[in-house]
Structures are given as structure tokens and as C-alpha cells.
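Asker:
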Amino acid sequence: MDLKGKKIAFLGDSITEGCGVSDINNVFWNRIARQTGAECYGYGIGGTRIAPQTNVPQGETDLYYGSRVDSMIPDADIVVVFGGTNDFGHGDAPFGFVDDTDGRTFCGALHGLCLKLINRYPDAQIVFLTPLHRDSESFGPYNERGIRLASDLEGYVDAIIDICAYYAIPVLDLFRVSGIQSKVPVIREKFIPDGLHPNDAGHKKIADKLIGFLGTL
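The numbering used here puts the sequence shown at residues 3 to 219.
The structure is reproduced here in C-alpha cells:
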């Protein structure tokens with residue numbers, strides 16, 4: 003796919019918002035705009051999750067992904083969704099099952115998000131990115147908010163791949179092909195210093211991977 007002139011909407015969390023980069027122009031979707039001539043629109047909000055939350059900390063708003071789809075540009079040619087790490091890290095929604103239709107679970111909310119995107123953008127190419135590796139990604143058994151986990155991060159990654167496969171939505175599996183693993187000291191220093199948010203070099207790596215992936219569609 004030639005990206006020049008394409009309108010691309012990026013729905014995500016703090017990584018899409020640009021946390022970790024020295025300048026917003028270095029975030030992966032702005033790099034894609036410069037490198038390809040695409041019109042890129044970022045809809046990243048730090049701390050947000052794919053699944054709606056039962057208990058939202060005071061002063062915060064649960065702007066889960068499905069609630070923000072209608073605020074995105076209506077004529078996107080491509081929609082890229084990058085999320086799931088916060089559902090694992092500090093979400094309180096149950097994990098659910100891959101064929102779950104309960105929108106209160108992670109898997110059910112993911113089904114709902116796919117359907118909402120397909121209905122809003124029936125002619126667009128929808129793409130999901132899996133979470134990156136992070137410092138804490140194993141079965142806890144509790145996450146950062148003391149919520150008991152039903153799966154490690156890889157389980158969330160696999161659910162994204164399996165549910166997107168049901169809707170024939172392509173997935174770029176950054177968990178397995180990004181080359182970013184924070185537990186390797188040299189990689190952490192170069193690409194993801196805080197163990198969660200890629201820096202400028204990390205965003206360049208993501209942009210290059212995604213440009214190549216989109217080019218195959």
C-alpha cells in the first residue's frame with residue numbers, strides 16, 4: 003500500500019500520545035507522516051485502556067478506546083490501534099475469553115472495538131499493533147493497582163491477534179518482532195529507558211516496522 007496522501011488515524015495510549023520522546027515530532031506516527039507523505043492524526047491519551055473500567059480513580063476519566071472512536075476523523079483511509087499494555091498493567095476489567103461478547107471484559111471490549119471501527123470505517127484498512135515488551139509482564143498474580151491478573155501480558159497479545167483474526171484485521175505483533183526488549187540492558191538504554199515508553203530511537207524503530215508492514219497490505 004502506498005501511504006502518500008492517505009489519511010491515517012492512530013488510536014492509542016501514552017506511547018501514541020508521545021510519552022518518552024524528546025519532541026512530539028519524533029513520535030512514531032509523525033515520523034510516518036514525514037517519511038511517507040501520509041496525513042497522520044494522533045489520538046493517544048496516556049493511561050487509557052481498551053476495556054472500560056469498573057472503578058476509576060478520583061480525578062481520572064475512563065476514556066477507554068471504544069468511547070473515543072466517534073471523535074476521530076470520519077474519512078480515515080487507515081486506522082491503527084495500539085493498546086493493551088495498560089489493560090494488563092493497571093486495568094480492573096476481567097480478562098474474559100477470546101469468544102467473549104461481554105463488553106465489560108478485555109476480550110469482549112476488544113470485540114466491541116473491532117465492530118465499532120468496522121462500522122465507522124467500512125472502507126478503511128484497520129490495523130492493530132500488539133503491546134511491546136515491558137519491565138513487568140509476567141503473571142503477578144496482581145497488577146499495579148492490586149487487581150488479580152488472569153493472564154500475563156503475552157495472553158493479552160495473543161487475544162488481540164486471535165480476535166483480530168476473527169474480523170480479518172491485520173496485526174503487527176510488536177511483542178515478537180519489534181526488536182525492543184527492556185530486559186536486555188543495551189536495548190533498554192538505546193530504545194526504552196524507563197522499561198515501558200520508547201524514546202526517540204524506539205519510536206523510529208516502531209515507525210520503520212509499521213511502514214514496512216503497511217506496505218505489504
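Don't be surprised by glycine CBs; every beta carbon is placed ideally from N, CA and C.
Keep in mind that this is a model prediction, so the values were computed, not measured.
1. Look at the alpha carbon of Ile-194 and the alpha carbon of Ser-184, and state the distance between them as a whole number of angstroms.
2. Specify, as a first and last residue, the run of the alpha helix (DSSP H) that Cys-109 falls within.
3. Are Gly-68 and Gly-114 touching if we call contact CB-CB under 8 Å?
4. Do Leu-134 and Ser-180 count as a contact pair if the criterion is CB distance below 8 Å?
5. Does the Cβ of Arg-36 have 16 or more other Cβ atoms within 10 Å, making it buried, or fewer, making it exposed?
6. Alpha carbon to alpha carbon, how far is Gly-46 from Gly-204?
7. Comparing the CB of Ala-167 with every heavy atom of the ligand NAD, is any distance shorter than 7 Å?
8. Identify, in the order they occur along the chain, each residue of the same chain with its Cβ nearer than 6 Å to the Cβ of Val-129, setting aside the five sequence neighbours on each side.
9. Decide yes or no for the touch test of the region 161-172 against the region 136-149: beta carbon pairs closer than 8 Å, at least 3 of them.
10. Could you tell me whether the region 27-42 touches the region 90-97, using the rule of 3 or more Cβ pairs below 8 Å?
11. So the candidates are Lys-6, Gly-110, Glu-156 and Asp-4; which of them puts its Cα closest to the Cα of Gln-55?
12. Determine the contact status of Leu-5 and Leu-216, defining contact as a CB-CB distance below 8 Å.
13. Per DSSP, which residues does Gln-183 bridge with? Please list them.
14. Given this structure, state the Cα-to-Cα distance separating Phe-30 from Asp-102, to the nearest angstrom.
15. Is the shortest distance between the beta-carbon of Lys-185 and the beta-carbons of chain B less than 8 Å?
Answerer: In terms of the structure at hand:
1. Stepping through the sequence shown from its first residue, residue 194 is reached at position 192. Stepping through the sequence shown from its first residue, residue 184 is reached at position 182. Going by the C-alpha atoms only, they are around 6 Å apart.
2. Looking up residue 109 in the sequence shown gives position 107. Element bounds for Cys-109: 108-122.
3. In the sequence shown, the residue the question calls residue 68 occupies position 66. In the sequence shown, the residue the question calls residue 114 occupies position 112. Closer than 8 Å, so yes.
4. For this step, residue 180 is matched to residue 178 along the sequence shown. For this step, residue 134 is matched to residue 132 along the sequence shown. The answer is yes: Cβ separation under 8 Å.
5. Start at 1 with the first residue of the sequence shown, and residue 36 comes out as number 34. Classification of Arg-36: exposed, given that the 10 Å Cβ count is below 16.
6. The residue given as residue 46 occupies position 44 in the sequence shown. The residue given as residue 204 occupies position 202 in the sequence shown. C-alpha separation (whole angstroms): 17 Å.
7. Only the bare structure without any ligand can be found here, which leaves the ligand NAD out of the picture.
8. Position 127 of the sequence shown, counted from the start, is the residue given in the question as residue 129. Contacts found: Val-82 and Pro-172.
9. no
10. no
11. Taking the sequence shown and counting its residues from 1, the one referred to as residue 55 is at position 53. When only C-alpha atoms are compared, the closest one is Gly-110.
12. Against the sequence shown, residue 5 aligns to sequence position 3. Against the sequence shown, residue 216 aligns to sequence position 214. Yes.
13. Indexing the sequence shown from 1 puts residue 183 at position 181. Paired residue(s): none; Gln-183 is not in a bridge.
14. Position 28 of the sequence shown, counted from the first residue, corresponds to residue 30. Position 100 of the sequence shown, counted from the first residue, corresponds to residue 102. Cα to Cα, the separation comes out at about 32 Å.
15. The structure shown contains no chain B; it holds only a single protein chain.
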